[in-house]
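Q: Structure provided below as structure tokens; questions to follow.
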Amino acid sequence: DGGITQSPKYLFRKEGQNVTLSCEQNLNHDAMYWYRQDPGQGLRLIYYSQIVNDFQKGDIAEGYSVSREKKESFPLTVTSAQKNPTAFYLCASSIRMSGELFFGEGSRLTVL
Amino acid sequence: GQQVMQIPQYQHVQEGEDFTTYCNSSTTLSNIQWYKQRPGGHPVFLIQLVKSGEVKKQKRLTFQFGEAKKNSSLHITATQTTDVGTYFCADNTGTASKLTFGTGTRLQVTL
Numbered sequence: 057d058g059g060i061t062q063s064p065k066y067l068f069r070k071e072g073q074n075v076t077l078s079c080e081q082n083l084n085h086d087a088m089y090w091y092r093q094d095p096g097q098g099l100r101l102i103y104y105s106q107i108v109n110d111f112q113k114g115d116i117a118e119g120y121s122v123s124r125e126k127k128e129s130f131p132l133t134v135t136s137a138q139k140n141p142t143a144f145y146l147c148a149s150s151i152r153m154s155g156e157l158f159f160g161e162g163s164r165l166t167v168l
Numbered sequence: 802g803q804q805v806m807q808i809p810q811y812q813h814v815q816e817g818e819d820f821t822t823y824c825n826s827s828t829t830l831s832n833i834q835w836y837k838q839r840p841g842g843h844p845v846f847l848i849q850l851v852k853s854g855e856v857k858k859q860k861r862l863t864f865q866f867g868e869a870k871k872n873s874s875l876h877i878t879a880t881q882t883t884d885v886g887t888y889f890c891a892d893n894t895g896t897a898s899k900l901t902f903g904t905g906t907r908l909q910v911t912l
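Those protein sequences? They're chains A and B, same order as listed.
Taking my numbering, the leading residue of the first sequence gets 57, the next gets one more, and so forth.
Taking my numbering, the leading residue of the second sequence gets 802, the next gets one more, and so forth.
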């Protein structure tokens, strides 16, 4: 089955620790994205990538980093510089930048 | 950056009642997408509207794109409990065609 896999689904970390969230897709999509969702809020774009080895900052990139070494993979690192990292993180992909987004099931990060 | 306002933030209806959510922009949109997110789930694509005045239907859901391409609406006829969730509009008019999501309308349906 084609789709997007995010892991882990739930993650607890202590303040000051870096955390890496995994996102893998087998849809052969060029574009991949990371969004952050806070309770009762919309989705805010963290980073996006239109092609392998290239990525761009979204609206709230501070305190986050990404890499795109393979077409299928777009991991997100939440660094200790992110002041309020507790949130629901959603990875998505699309055939092209303006196309329909396919989302993973999300990773819920709680920083204690 | 591009801002799309979505109203209402929340609506509670009885099953069988109709529901409408609106997406408004101060600037012209190139196109708009609608997504549904069930409680605890992830957003799922519903539809994309591209043309001025476009109307599309999916069973009980009717999507409209305004004539001036500055607003859009999603109307659900005779809601069911399966319609519960948050409905988001999203536009990609801005930089690099990246999608910007509205704040969403949370729909609660009770029997």
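Ideal Cβ placement from N, Cα and C applies to all residues, glycine included.
No experiment lies behind these values; they were computed from the predicted model shown.
Would you say the region 72 to 83 of chain A touches the region 143 to 163 of chain A, given that touching needs at least three Cβ pairs under 8 Å?
A: Yes, the region 72 to 83 of chain A touches the region 143 to 163 of chain A.
Q: At 8 Å on the CB atoms, spell out the chain A contacts of B/N893, in chain order.
A: Here the neighbours are M153, S154.
Q: Flag this pair as touching only if the region 904 to 912 of chain B and the region 869 to 889 of chain B have three or more C-beta atom pairs under 8 Å; answer yes or no.
A: Yes, the region 904 to 912 of chain B touches the region 869 to 889 of chain B.
Q: Under the rule that 16 or more other beta-carbon atoms within 10 Å means buried, what is A/F159, buried or exposed?
A: It is buried - the Cβ of A/F159 has at least 16 other Cβ atoms within 10 Å.
Q: Would you grab the beta carbon distance between B/A891 and B/Q834 for me? Rounded to a whole angstrom, and I think it's under 8 Å.
A: Correct: roughly 5 Å between the Cβ atoms.
Q: Name, please, each residue of chain A whose Cβ falls closer than 8 Å to the Cβ of B/H843.
A: Residues of chain A passing the Cβ test: L146, F159, G160, E161, G162.
Q: Could you pull the DSSP bridge partners for A/Q97 from this structure?
A: DSSP output for A/Q97 lists no bridge partner at all.
Q: Specify the secondary structure class of B/T906 as computed by DSSP and reduced to three states.
A: In this structure, B/T906 counts as strand in the three-state DSSP scheme.
Q: The ligand NAD heavy atoms versus the CB of B/K871: any closer than 7 Å?
A: Looking at this structure, you won't find the ligand NAD or any other ligand, since it has none at all.
Q: Does DSSP classify A/T166 as helix, strand or coil?
A: A/T166: strand per DSSP, three-state reduction.
Q: On a CA-only basis, which of A/G59, A/S154, A/Y103 is nearest B/H843? Give me that one, please.
A: Ranking the options by Cα distance to B/H843, first place goes to A/G59.
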